[in-house]
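Residue numbers (this note's numbering): 6 to 164.
By construction, the Cβ of each residue, glycine as well, lies at the ideal position given by its N, Cα and C atoms.
Notes follow once the structure below has been shown.
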């Protein structure tokens, strides 16, 4: 087992969860949802968030016992760092789209590096690849593109 991978991800991941709970509970629900008010879209989004979290855990647990590349390390830490920044930026810098975009881009880049690291892993597994692919598609398409565009439009409507 990779003790460094395990301990650092548990520590940073725990801090990410704390930031999500602490900062998002202080934000208005409209800000968190970026003005997305359609209940069907919100339900789909929530389901995708939970599925992505499960797939991230599957990938993370798989690599606890497999050879790790620098791509996997870097991808994991960029993913977590971006996820850590997003709720903090949303709370403190809610009208600063560049900061929110930076956090979401770091998360997307981390998910992309996890996907690439999975593709070139010496122990390639199709199930782990599919989990990594879904994680990347969720983070990039739903978070980095759809959520950010919705948030930008909701800010423009307020002005």
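Supposed contact pair residue j and residue i - C-beta distance, whole angstroms, cut 8 Å
| i | j | result |
| --- | --- | --- |
| residue 17 | residue 109 | Not quite, the Cβ-Cβ distance comes to about 17 Å (not below 8 Å), so this is no contact. |
| residue 92 | residue 24 | 5 Å |
| residue 111 | residue 83 | 5 Å |
| residue 132 | residue 80 | The pair is not a contact, with the Cβ atoms about 18 Å apart (cut-off 8 Å). |
Start-to-end residues for the alpha helix (DSSP H) that takes in residue i
| i | result |
| --- | --- |
| residue 6 | Residue 6 -> no alpha helix (DSSP H), and no H or E assigned at all. |
| residue 159 | 153 to 163 |
| residue 137 | 131 to 142 |
| residue 34 | 34 to 37 |
Three-state class that DSSP yields for residue i in the structure shown
| i | result |
| --- | --- |
| residue 88 | helix |
| residue 71 | coil |
| residue 125 | coil |
| residue 59 | helix |
| residue 43 | coil |
| residue 109 | helix |
| residue 49 | helix |
| residue 99 | coil |
* Three or more beta-carbon pairs under 8 Å between the region 117 to 130 and the region 60 to 77, yes or no? -> Two segments are said to touch when three or more pairs of C-beta atoms, one from each, lie closer than 8 Å; by this definition the region 117 to 130 touches the region 60 to 77.
* Would the region 79 to 98 and the region 43 to 55 be scored as touching if the rule is three or more Cβ pairs under 8 Å? -> Because the criterion of three Cβ pairs below 8 Å is not met, the region 79 to 98 and the region 43 to 55 do not touch.
* **Sufficient close CB pairs (3 or more, under 8 Å) joining the region 119 to 139 to the region 64 to 73** => Touching, per the Cβ criterion.
* Ordered list of alpha helix (DSSP H) runs contained in the region 7 to 33, each at least 4 residues -> Fully enclosed alpha helix (DSSP H) runs of 4 or longer: 8 to 31.
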